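Let me begin by presenting the structure, written as structure tokens, before commenting on it.
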Amino acid sequence: MTSALLLAGFCAAMTVLAVGRLLASDEPTPYQGGIALLVFGITVLAGFWSASRLGWSTATGRALFGAGGVIIVIVGAVLLARHWEAAADSGDDPVS
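In my numbering, the protein residues as written are 2 to 97.
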């Protein structure tokens with residue numbers, strides 16, 4: 002098992018936690034959605050890295066996988082950046 006595959010597995014577990022926290026929240030915020038998207042995008046990129054290292058799929062499939070991961074990370078980062086002040090002003094600790 003490659004380190005890229007281990008990273009993808011760890012990121013998938015973190016994605017499950019982030020999405021679980023988002024769904025368990027009484028009032029989900031765009032900030033929490035940004036966290037979940039960012040973690041999911043990193044998971045997709047780790048999967049892309051695994052696919053590239055192990056030769057899975059075609060070159061086109063790997064390119065789409067990588068591009069999708071980058072787009073998801075960008076959307077998540079934009080949500081975090083746009084709603085950072087709202088999360089800080091509300092007194093909610095974004096980490097806990």
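For every residue, glycine included, the Cβ atom is placed at its ideal position computed from N, Cα and C.
All of these numbers come straight from a predicted model, not from anything done at the bench.
- Cα atoms of L18 and A78: separation of roughly 18 Å, rounded to the nearest angstrom.
- The beta carbon of T16 sits closer than 6 Å to the beta carbons of V40, F41, T44 from its chain, once the five residues preceding and following it are set aside; these are given in chain order.
- Taking C-alpha positions only, A68 is separated from G62 by approximately 10 Å.
- Under the three-state reduction of DSSP, P31 is assigned to helix.
- W50 and A25 have their C-alpha atoms roughly 31 Å apart.
- If the five residues before and after G35 are omitted, its C-beta is found closer than 6 Å to the C-beta atoms of G77, L80, L81, all from its own chain and listed in chain order.
- For V20, same chain residues with a beta-carbon under 7 Å away, outside a window of 5 residues either side, are A37 in chain order.
- Here F11 is exposed, its C-beta having fewer than 16 other C-beta atoms within 10 Å.
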